[in-house]
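Numbering (the numbering used here), first residue to last: 1492 to 2008.
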Amino acid sequence: MKKASIVFYVSLAIVAGLVIMGIAMPKSLESITSSAQNFITNSFGWYYLILVVLFVIVCIYLFVSPIGRIKLGKQEDKPEFSTPTWISMLFSAGMGIGLIFYGAYEPLSHYAISSPTGEIGTTQGVKDALRFTFFHYGIHGWAIYGVVSLALAYFTFRKGELSLISRTLRPLIGKHADGLVGKIIDVIAVVSTVLGVATSLGFGAMQINGGLSYLFDVPSNFTTQSVIIFVVTILFMISALTGLSKGIKILSNVNMGLAAALFLAVFILGSSIFTLNLFVDSVGAYFQNFINMGLRIAPFNEDIRSWINDWTIFYWAWWIAWSPFVGVFIARVSKGRTIREFVFCVLLIPTLIGFLWFSNFGSAAITTEMAGSISLTSLLPEEILFGVLENFPFSLLLSILSMILVGTFFITSADSGTFVLGMMTANGTLNPSNKVKVIWGVLLSMTSVTLLYSGGLQALQNTMIIGALPFSIIIALMTFSLIKALNQEAKELGIGQLKVKEEKVGKRRKEKASEAV
């Protein structure tokens, strides 16, 4: 408990300091975060791209390798949750609010506002808009979650370590994982988690405010967003106090049900055939350009490079900042799965769901803009979804459903966040106390409010990118540590040796046969 109290109090002091600074000197905080964000994106963009590609390669290797047969736990361990519930939980915690906020906005932005290739308002621009949206929400992003959660699940359930980021590095740093180095690593992970989750809560508040403003002329400002965060904080704290198997499990299943209802309504009432054709064409373009998009930095085109900084680097920072939170949570609910099953489900199933979602809402936004019935590009980003839905039958009902869905995703993310922060600051316990969860729940909300107060959407994005940089180094070390430990265990278990032995036996038989001749 001594280590837990140190990590808890140091992390608490850092986050509280950020909140106080944001309240006392909002302009200074915005200026500092903006300068730091510009420096990181311009100086380390190449680093983010290479690192994420390496995570993809590692995941593919673990899937096709005989190592994939190793279980995340003892051989007799069974999964705690059914596969559908498990997928719902990781999906809701992993990208719920992002889908609602960016579902219509991002493809429309790439098509009509700022194109990744310079093709604005053209047929090619539509294709580029969808494939780059797929890129940001596809295999690359989920590979970040995959390596972090896989390392945590392996070392926790297979090796019996505490569920802490620092303990996954034991194969590399040895006893230092229990000392000062380990404490520093865990503090970085906690602060990164707070910034990542608080940013997403800010997006959620802005999205709900956008819907209320568009539909009912409720003022779209900091005060309204603060009230929304306050109300949702009470709701997610109630859920957090009910525990993992009740609150988060129930909410995750509710999220998937509501998301499916909204998706089907837009699909059936919209241009279904166009959506399907665009989905198939964009998936093909995504895989055809998979390598090129992953390493695209545009050194000779300043406009395209600026776009990459604003979108791709931001997204990789967002995924990385969320990875300790989502990684700990996914690891916690993945006991009993094999590595191969884990990699397949974590990488491919959410990716496919994301592709379908963006094809559906992206095509609806783009066709609405093309029709000219409403200028979606003149709306705020958080209002675009509601502008799209206005052209559908039952628009008010669909808009209210969207706000409810944002709210439930909001609650699930915050609920999961408090649970994970409790684990990370209570010595890796799998069931943190309600007191610790309440403290982190309040701080998450206060951090989100502070970021909105000091600069709105841009402050949220800047802080995300800053918080992700130090943790990206830790993820790289976690990946090396995991590969080292898995290869060592594979040798001890003789995994992958059977084929080698068979080849040697076959070679000896051939040699004997040739000698006999």
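From the three backbone atoms N, C-alpha and C, an ideal C-beta is built for every residue, glycine too.
Computed from a predicted model, the values in this text were never measured in an experiment.
| query | Counting pairs of beta carbons, one from the region 1916-1924 and one from the region 1703-1721, are three or more of them closer than 8 Å? | reply | No, the region 1916-1924 is not in contact with the region 1703-1721.
| field | Lys1650 (DSSP reduced to helix, strand or coil) | value | For Lys1650, the secondary structure class from DSSP, reduced to helix, strand or coil, is coil.
| task | Going by CA-CA distance only, name the one from Ile1664, Trp1633, Asp1801 that's closest to Gly1818. | result | Relative to Gly1818, the option among Ile1664, Trp1633, Asp1801 whose CA is nearest is Trp1633.
| query | Can you round the beta-carbon distance between Gly1932 and Phe1648 to whole angstroms, since I take them to be within the 8 Å contact cut? | reply | About 27 Å separates the beta carbon of Gly1932 from that of Phe1648, a gap too long to meet the 8 Å contact definition.
| field | Unbroken alpha helix (DSSP H) run spanning Ala1776, endpoints | value | Secondary structure note for Ala1776: its alpha helix (DSSP H) is the uninterrupted segment 1763-1779.
| request: Locate the alpha helix (DSSP H) running through Gln1468, then write down its first and last residues. | output: Because residue 1468 is not part of the residues shown, which for the chain are 1492 to 2008, the question remains open.
| field | DSSP state of Thr1970 mapped onto helix, strand, coil | value | Helix at Thr1970.
| message | Alpha carbons only, please: which of Met1747, Thr1916, Gly1958 is nearest the one belonging to Ile1497? | response | Ile1497 has its Cα closest to that of Thr1916, out of Met1747, Thr1916, Gly1958.
| request: For the region 1651-1711, list the alpha helix (DSSP H) runs that are entirely contained and at least 4 residues long, ordered along the chain. | output: Every unbroken stretch of the alpha helix (DSSP H) spanning 4 or more residues and falling wholly within the region 1651-1711 is given here in chain order: 1661-1664, 1671-1707.
| task | With DSSP collapsed to three states, give me the class of Ile1511. | result | The answer is helix: DSSP assigns Ile1511 an H, G or I state.
| Does the Cβ-Cβ distance between Ile1656 and Asp1669 come in under 9 Å? | No, the pair does not count as a contact, with Cβ atoms beyond the cut-off.
| Between the C-alpha atoms of Val1996 and Thr1659, what's the straight-line distance to the nearest angstrom? | In this prediction, Val1996 has a pLDDT of 41, which is less than 50 and means its spatial position is unreliable; what the coordinates show is noted afterwards. Val1996 and Thr1659: Cα-Cα distance of roughly 38 Å.
| field | DSSP bridge partner residues for Thr1829 (one or two, in chain order) | value | Bridge partners of Thr1829: Lys1562.
| query | Short check: CB of Gly1589 to CB of Phe1758, under 9 Å? | reply | Against a cut-off of 9 Å, the Cβ pair of Phe1758 and Gly1589 comes out as no contact.
| task | State the Cα-Cα distance for the pair Leu1934 and Val1837, rounded to the nearest angstrom. | result | Between Leu1934 and Val1837, the alpha-carbon positions lie close to 29 Å from each other.
| task | Can you tell me the Cβ-Cβ gap for Ser1605 and Trp1798, rounded? I've got them flagged as a contact below 8 Å. | result | Right, the Cβ-Cβ distance comes to about 6 Å (below 8 Å), so this counts as a contact.
| field | Residue burial classification, Ser1850 (beta-carbon count within 10 angstroms, cutoff 16) | value | Its Cβ being crowded by 16 or more others within 10 Å, Ser1850 is buried.
| Expected contact under 8 Å - CB spacing of Met1969 and Gly1687 to nearest Å | Between Met1969 and Gly1687 a beta carbon distance of about 16 Å is seen, past the 8 Å cut, so the two are scored as non-contacting.
| CB of Ala1981 within 9 Å of CB of Arg1828, strictly | With respect to Arg1828, Ala1981 sits apart: the two C-beta atoms are not nearer than 9 Å.
| Rounded separation between Ser1573 and Glu1832 - CA only | So the alpha carbons of these two residues sit roughly 13 Å apart.
| DSSP three-state call for Arg1796: helix, strand or coil? | In the structure shown, Arg1796 sits in a helix (DSSP, three-state: H, G or I).
| Apart from the five residues on each side of it in sequence, which residues of its chain come closer than 8 Å, Cβ to Cβ, to Thr1859? | Annotation for Thr1859: Ile1865, Leu1867, Gly1878, Val1879, Asn1882 place their beta carbon closer than 8 Å to its own, counting only its chain and skipping 5 residues before and after.
| field | Inter-stretch contact (C-beta, 8 Å, three-pair minimum) for the region 1509-1525 and the region 1787-1802 | value | With a cut-off of 8 Å, the region 1787-1802 and the region 1509-1525 do not count as touching, because too few Cβ pairs lie within range.
| request: Count the other C-beta atoms from every protein chain shown that fall within 10 angstroms of the C-beta of Lys1565, then say buried if there are 16 or more, exposed otherwise. | output: Exposed.
| said: Can you find the residues in the same chain that come closer than 6 Å, C-beta to C-beta, to Phe1852, ignoring five residues on each side of it along the sequence? | reply: In its chain, beyond the 5 residues on either side, Gly1594, Ala1595 have a beta carbon closer than 6 Å to the beta carbon of Phe1852.
| message | Classify Gln1615: buried if its beta carbon has 16 or more other beta carbons within 10 angstroms, exposed otherwise. | response | Under a 10 Å Cβ-count criterion, Gln1615 is classified as exposed, with fewer than 16 other Cβ atoms of the shown protein chains found around its own Cβ.
| Close Cβ partners of Leu1503 (< 6 Å) along its chain, the five nearest in sequence each way excluded | Hits under 6 Å: none found.
| On the three-state DSSP scale, how would you describe Leu1576? | According to the sequence provided, residue 1576 is Thr. The question's Leu does not apply to it. Helix.
| So what does DSSP say about Leu1753, is it helix, strand or coil? | Look at Leu1753 here: in three-state DSSP terms it is helix.
| request: Answer yes or no: does any C-beta atom of chain D fall closer than 9 Å to that of Phe1816? | output: Among the chains of the structure shown, chain D does not appear; only one protein chain is present.
| Looking at C-alpha atoms only, which residue of Gly1863, Ala1507, Ser1556, Thr1714 is the closest neighbour of Ile1974? | Residue nearest to Ile1974 within the set Gly1863, Ala1507, Ser1556, Thr1714 is Ser1556 (criterion: CA-CA distance).
| Spatially closest choice to Thr1938 from Val1501, Tyr1500, Ile1514, by CA coordinates | It is Ile1514.
| Cβ separation of Phe1820 and Val1911, assumed to be a contact under 8 Å, to the nearest whole Å | So it is a contact: roughly 5 Å between Cβ atoms.
| said: Suppose contacts are defined by Cβ-Cβ distances below 9 Å. Is Val1940 in contact with Gly1559 by that definition? | reply: Against a cut-off of 9 Å, the Cβ pair of Gly1559 and Val1940 comes out as no contact.
| query | Can you round the beta-carbon distance between Pro1884 and Thr1684 to whole angstroms, since I take them to be within the 8 Å contact cut? | reply | About 41 Å separates the beta carbon of Pro1884 from that of Thr1684, a gap too long to meet the 8 Å contact definition.
| request: Label Met1784 either buried or exposed according to how many other C-beta atoms from any shown protein chain fall within 10 Å of its C-beta, with 16 as the threshold for buried. | output: Counting other Cβ atoms within 10 Å of its Cβ, Met1784 reaches 16 or more and is therefore classed as buried.
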